[in-house]
Amino acid sequence: MTTIEKCAWEEFVWSMRIFFGHRKSDGYIQHVEQLLIHFRQLKCNMSIKLYYLNSHLYYFPENFGDLSEEQGDRFHQDIRTMEERYLRYWNVNMMADYCWSTQNSTPDTPQAR
4 MTTIEKCAWE
14 EFVWSMRIFF
24 GHRKSDGYIQ
34 HVEQLLIHFR
44 QLKCNMSIKL
54 YYLNSHLYYF
64 PENFGDLSEE
74 QGDRFHQDIR
84 TMEERYLRYW
94 NVNMMADYCW
104 STQNSTPDTP
114 QAR
């Protein structure tokens, strides 16, 4: 493994063990940012899930792990739908489309006709 590959792997392992646990640990932002930097250095394509993580890193709640599995499953289903919809035509509008569809599917949001 090269140095960059090793660093990327260590940050990935850290994020799986610590960041996605029930509580955010101190320094999680720096670790995730380092992970993304190493992925870019390796010229890895960023999936929509990593793009979402990068874009919303500062908005994760303190009780991140307390979200129900149902909410997590819905997120993965929504992202899979977006990936299928934009297959081979990925662009910056993909994330905006996802956010818009999430906002429109919220029951408390009034719908205009």
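Quick note on the numbering used here: the sequence shown kicks off at 4 and runs consecutively.
Beta carbons: idealized from backbone N, C-alpha and C, even for Gly.
Since the model is a prediction, treat every value here as computed from it, not as a measurement.
C-beta contact flag for residue i and residue j at 8 Å
i: Ser-58; j: Leu-38; result: no
Separation of residue j from residue i, as counted between CA atoms
i: His-79; j: Glu-86; result: 10 Å
i: Thr-112; j: Phe-15; result: The predicted position of Thr-112 is uncertain, since its pLDDT is 48 and thus under 50; no value can be drawn from it.
i: His-34; j: Arg-88; result: 31 Å
i: Arg-20; j: Glu-13; result: 11 Å
i: Glu-36; j: Cys-47; result: 14 Å
Residues of its chain near residue i, where Cβ-Cβ distance is below 7 Å and the 5 sequence neighbours each way are ignored
i: Leu-45; result: Ile-7, Glu-8, Ala-11
Span of the alpha helix (DSSP H), counted from its first residue to its last, around residue i
i: Lys-9; result: 6–17
i: Glu-43; result: What sits at residue 43 in the sequence shown is Arg, not Glu. Its alpha helix (DSSP H) spans residues 31–44.
Other residues of its chain near residue i: CB distance less than 6 Å, five sequence neighbours each side excluded
i: Arg-5; result: The residue asked about is misnamed: residue 5 is Thr in this sequence, not Arg. Excluding sequence neighbours, Thr-5 sits near nothing in its chain.
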